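Protein chains in written order, with the working numbering: chain A, 1 to 112; chain B, 1 to 114. Before any comments, here is the structure.
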Amino acid sequence: AQSVTQPDIHITVSEGASLELRCNYSYGATPYLFWYVQSPGQGLQLLLKYFSGDTLVQGIKGFEAEFKRSQSSFNLRKPSVHWSDAAEYFCAVDEYGNKLVFGAGTILRVKS
Amino acid sequence: DAGITQSPRYKITETGRQVTLMCHQTWSHSYMFWYRQDLGHGLRLIYYSAAADITDKGEVPDGYVVSRSKTENFPLTLESATRSQTSVYFCASRAGTGETDTQYFGPGTRLTVL
């Protein structure tokens, strides 16, 4: 079965600093990979997704992620964090083209 | 308004009672999903449906029942609620399985079982 690991439960960064959230997956074939964000009390919003092609994908809100097959990773990055980015972030892999398997999530705190 | 809605948004019930959580989407998406979100586990798939009258188990189906008589509705029933089913439940829908098909999530239902 596929699995997704987000090694960091909590991350705290200063406003304006760069951000990298880690995601590792286990899957035999080329996966479909996703990053979702969840603000407190809200549902999940898609930030970006990777299906094929260019391994660096751009998303909304200034986020990007890079697919590295050799490391089975799909890390999320942002060059300059804003206070409004404080939320919980979930990495997910698409299983068999119709189901998502999620990581446990990383809670981002932004300090001013 | 178009989108995916869930009701109720908050529910408190007692152990042993039957509870039904409702999910409605206005896009006519083929696929619909139910997840539960628990601290430290992320979201785990309970059941999903590829079309009306087609449902299948996910990772954690025990204690839950689903039905899908209409494309737009996908209710989730806890036949005899237990404390371990206290969680936040998310419904989602997706048009298909292609690269352009994104899974969209509802706002969630927070269920407390006393």
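Glycine residues also receive a C-beta, built at the ideal position from the N, C-alpha and C atoms. Predicted, not measured: the structure shown is a model, and the values here were computed from it.
Cross-strand partners of residue i (DSSP beta bridge)
i        : result
B:Asp62  : Bridge partners of B:Asp62: none, in fact.
A:Thr55  : Per DSSP, none; premise fails for A:Thr55.
A:Asp172 : With chain A covering 1 to 112 only, the question about residue 172 of chain A has no answer from this structure.
A:Ala92  : A:Phe34, A:Phe102
B:Thr26  : None, per the DSSP bridge assignment.
A:Ser3   : A:Ser26
A:Arg77  : A:Glu20, A:Glu64
Min CB distance residue i to chain A below 8 Å
i        : result
B:Tyr48  : yes
B:Gln103 : yes
B:Val90  : In the sequence under discussion, the amino acid at residue 90 of chain B is Phe, which differs from the Val named in the question. True, the Cβ-Cβ gap to chain A drops below 8 Å.
B:Ala3   : For the record, residue 3 of chain B in the displayed sequence is Gly; it is not Ala. With 8 Å as the cut-off, B:Gly3 does not count as an interface residue toward chain A.
B:Pro107 : yes
Selected residue, minimal CA-CA separation from residue i, among the options
i       : options                           : result
B:Thr20 : B:Tyr104, B:Asp101, B:Ser67       : B:Ser67
B:Lys70 : B:Ile4, B:Gln6, B:Thr13, B:His24  : B:His24
A:Tyr32 : A:Ser14, A:Asp8, A:Asp54, A:Lys61 : A:Asp54
Three-state secondary structure (DSSP) of residue i
i        : result
A:Ser72  : coil
A:Ser39  : coil
A:Ile60  : helix
A:Ser14  : strand
A:Arg109 : strand
B:Ser84  : helix
B:Phe74  : coil
B:Thr116 : Beyond the ends of chain B as shown, which are 1 and 114, falls residue 116 of chain B; an answer cannot be given.
B:Ala92  : strand
Element boundaries [beta strand (DSSP E), containing residue i]
i        : result
B:Asp56  : 54–57
B:Asp101 : It is not in any beta strand (DSSP E) - B:Asp101 carries neither H nor E in the DSSP assignment.
B:Arg36  : 31–38
B:Gly42  : 42–51
Any chain B beta carbon closer than 8 Å to residue i
i       : result
A:Gln42 : yes
A:Lys99 : yes
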